[in-house]
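Using this note's numbering, the first residue of the sequence shown is number 1, and each one after it goes up by one. Cβ coordinates follow ideal geometry from the N, Cα and C atoms, glycine included.
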Amino acid sequence: NNQGGGGGGYKQNYNNNNNSGFGGGGGGGFNNNNNNFGGGQQSGTGGQQSGGGGGAGFNNNNNNNNIMSQFINRDDELLVLILPDGIRGSELKAKFTKLIQSSEYFNRNIIIQCIQNQTCRKLNACLGTFEDIMIKFGNIPYIIDPLLPNGNHNNINIDLSWVWGIDVSHVRNKPSVACLSISRKPFQGSLRDMHFFNHLNPSRKEIIAFSNMITLAFRGLEDCYNKILQSKTGEKLPLAIFVFRDGVADGQIEELFTKEVVGIQRAITIFRNKYKLKKWKPKLQYILCNKNTIDRFGLLDQKTGLCRSLNKPCVIYDHVLSDRLWDFIIFPYHYKKNADRTKGVRYIVLFDDLKLSKKCGAALDLFQFIFALTYMFAFSIPFPLGGTAQPAPIVYAKHYAESFSQSILSNDKQLKSLKINKNLNNRPHIITQTVFQQNKKNNNNNDNE
């Protein structure tokens, strides 16, 4: 595909030598095959070729940024990209975002907001686009009080709790992308205090390896700690870390525990030792979230004897589920949703460091805590159909894992081509080395000195 930039033509091969072009001059082409961004001076006749470039090109090998500099000023902070409808718009979004933000190409700290052509003519949808822009810039459109039954600072201290989300995105013929999302203010609807990190798994592999999980968790803790030190607001490290993991089959739970749960515990220990935080010992809550449940529930009508749909949010927690695991099903009802199609979500508490299962009434706090998190995915505001199916940390991780997977192109041969500008806080950063590899490299450098 050879796609024009900045007004340049769009040219696509259909078959053999039959090329058809769209658009006019200006700007240069984007050639996906040899990383050549920029413009051809060619045009065709006879119906075989049309469109084409004009203007100086941007060639990745020569680091010539002239073309992009014509359209982007040094002080620009936001680009709004209007896309054609359909799959073509998705392709342009992935390639343009990579061109601007990738450290290998233009390497700019610029927030990009995309909007489809058909959406531009819908007022409410346009207003939603501006809400998304505000959220990406760190504005806080809303804050939620979870109203825990036993208070917000007893069994679960919401002011001193961080929430993490882990999800793995699978795309055919591409590496699987594992994403970690961290929110330091879980009930603040914004990206201001959020951090995102990606790691590449082998294709179709769901479980994150032990050393890779240590690296993800350690890098997340380290980045959060540095932000706290820079902010100078008196923010403290958390007393509890809630980790929500997207669904894994029951047969993989044991492997998940030995690699991911133990990996996070090890990362906390390494982080505490590195920064000499001997008194900081956070409690870890690891919760598995599976929305693909086959169970259905309803209310028995005493008059007719029929089972009707539930008409309010509820939790099924009794021993009808499992005798060996603490699991429960939350049914996230909303009056505008089709109740017959709303499925419950099964949660399994794999690690209960806060001992909520043994404290009277603490389980109710956990249920309410999880339900409140389904309203914390800021891009869904104003929640016309209720909260998301899963807690916001998982939804964020799923969103950015899929987005990052789309940015992996066929010409990407090295991990460094996937790195983005280091100052982009609202985008996921890829991790290319484990903690142990980095430590070994640092030790070698010290020996050489």
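**Message:** So G247 and N292 are supposed to be a Cβ contact under 8 Å. How far apart are they, rounded?
**Reply:** 6 Å between Cβ atoms; contact.
**Request:** Using alpha carbons as the reference points, say which of I144, C126, H170 lies closest to Y375.
**Result:** Ranking I144, C126, H170 by Cα distance to Y375 puts I144 first.
**Prompt:** In chain order, which continuous runs of the alpha helix (DSSP H) of length 4 or greater are located wholly inside the region 330-403?
**Reply:** Counting only runs of 4 or more, we get 362-373.
**Prompt:** With burial defined as no fewer than 16 other Cβ atoms inside 10 Å of the residue's Cβ, what is the status of C360: buried or exposed?
**Reply:** Answer is exposed; the Cβ neighbour count stays below 16.
**Asked** Taking Cβ to Cβ, would you say A178 is nearer than 8 Å to I135?
**Response** Their beta carbons are not under 8 Å apart, which means A178 does not touch I135 by this criterion.
**Asked** What beta strand (DSSP E) runs, 3 residues minimum, are completely inside the region 288-327?
**Response** For secondary structure counted as the beta strand (DSSP E) over 3 or more consecutive residues, the region 288-327 holds these complete runs in sequence order: 314-316.
**Request:** Please state if the CB of R108 and the CB of N421 are separated by a distance shorter than 8 Å.
**Result:** Result yes, Cβ atoms of N421 and R108 sit closer than 8 Å.
**Asked** Over what stretch of residues does the beta strand (DSSP E) that includes Q101 continue unbroken?
**Response** For Q101, there is no enclosing beta strand (DSSP E); the residue is found in the alpha helix (DSSP H) stretching over 87-101.
**Message:** Using CA atoms only, rank isn't needed, just tell me which of K95, C114, S90 is closest to L78.
**Reply:** Residue C114 is the option with its Cα nearest to L78.
**Prompt:** Starting from N152 and walking both ways along the beta strand (DSSP E), at which residues does that stretch end?
**Reply:** Here N152 belongs to no beta strand (DSSP E), and DSSP marks it neither H nor E.
**Asked** Quick one: is the Cβ of K174 within less than 7 Å of any heavy atom of the ligand COA?
**Response** By its list of ligands, the structure shown contains no ligand whatsoever, and the ligand COA lies outside what it can speak to.
**Prompt:** Pick from T97, K398, L356: whose alpha carbon is nearest that of N155?
**Reply:** For the residues T97, K398, L356, the minimum Cα distance to N155 belongs to L356.
**Item:** One or two residues paired with K283 in a DSSP bridge
**Value:** The partner list for K283 (beta bridge, DSSP) reads A240.
**Asked** Assuming V171 contacts S405 under a Cβ cut-off of 8 Å, what Cβ separation, rounded to an integer in Å, is found between them?
**Response** The beta-carbon separation of V171 and S405, rounded to 5 Å, stays under the 8 Å limit for a contact.
**Asked** Which word fits Q101, buried or exposed, when buried means at least 16 other C-beta atoms lie within 10 angstroms of its C-beta?
**Response** So Q101 counts as buried.
**Message:** By alpha-carbon positions, which one of F137, L160, S410, I72 ends up nearest to L191?
**Reply:** Measuring from the Cα of L191, the nearest candidate turns out to be F137.
**Message:** From the DSSP secondary-structure annotation, give me the bridge partner or partners of L81.
**Reply:** L81 is bridged to C114.
**Asked** Identify the residues that DSSP records as bridge partners of G165: which are they?
**Response** Its beta-bridge partners are S181, F244.
**Asked** From R219, K312, I294, D318, pick the residue whose C-alpha is nearest to that of R272; which is it?
**Response** If we check each option's Cα against that of R272, R219 comes out closest.
**Message:** Residues in the same chain with beta-carbon distance under 7 Å from P149, minus the five sequence neighbours each way, listed in chain order, please.
**Reply:** Scanning its chain for C-beta atoms nearer than 7 Å, with the 5 sequence neighbours on each side dropped, one finds around P149 the residues G361, L364, D365, Q368, in chain order.
**Item:** For Q414, the nearest candidate out of K93, E104, Y400, F71 (CA to CA)
**Value:** Of the listed residues, the one whose Cα sits closest to Q414 is E104.
**Asked** How many Å lie between Q265 and L284 at the Cα?
**Response** Between Q265 and L284, the C-alpha separation is close to 8 Å.
**Request:** Look at the alpha carbon of F22 and the alpha carbon of D132, and state the distance between them as a whole number of angstroms.
**Result:** With a pLDDT of 41 at F22, under the threshold of 50, the modelled position of this residue cannot be trusted; read the value that follows with caution. If you take the alpha carbons of F22 and D132, they lie about 31 Å apart.
**Message:** If you measure between the beta carbons of R204 and S183, is that distance less than 8 Å?
**Reply:** Contact flag unset, no.
**Message:** Spatial neighbours of I158 within its chain, please: C-beta separation below 8 Å, excluding the five flanking residues on both sides.
**Reply:** P146, L148, N152, P186, F187, F369.
**Message:** Would A94 and S407 qualify as a contact pair, given that the criterion is a beta-carbon distance under 8 Å?
**Reply:** Taking 8 Å as the Cβ cut-off, A94 and S407 qualify as a contacting pair.
**Request:** Using beta-carbon positions only, say whether F244 and W162 come within less than 8 Å of one another.
**Result:** Between F244 and W162, the gap from beta carbon to beta carbon reaches 8 Å or more.
**Prompt:** With distances taken between CB atoms, is the gap from L216 to H199 smaller than 8 Å?
**Reply:** Yes. Within cutoff.
**Asked** From the DSSP output, which residues share a beta bridge with I143?
**Response** Beta-bridge partners of I143 (DSSP): Q188.
**Asked** Under the DSSP definition of a beta bridge, which residues are partnered with H170?
**Response** Its beta-bridge partners do not exist; DSSP assigns none.
**Request:** Following the continuous alpha helix (DSSP H) through L256, name the residue where it begins and the one where it ends.
**Result:** That run of the alpha helix (DSSP H) goes 253-256.
**Message:** Rounded to the nearest angstrom, what separates I431 and F210 at their Cα positions?
**Reply:** One C-alpha to the other measures close to 15 Å.
**Request:** Would you tell me roughly how many angstroms separate the C-alpha atoms of V395 and A401, rounded to the nearest one?
**Result:** Whole-angstrom Cα-Cα distance: 10 Å.
**Prompt:** Going by DSSP, what residues sit across from Q271 in a beta bridge?
**Reply:** The sequence shown places Phe at residue 271, not Gln. Its beta-bridge partners do not exist; DSSP assigns none.
**Prompt:** How is F130 classed by DSSP in three states: helix, strand or coil?
**Reply:** Annotated three-state conformation of F130 is helix, per DSSP.
**Request:** Give the secondary structure of N426 by DSSP, where H, G and I count as helix, E and B as strand, and everything else as coil.
**Result:** Correct three-state label for N426: coil.
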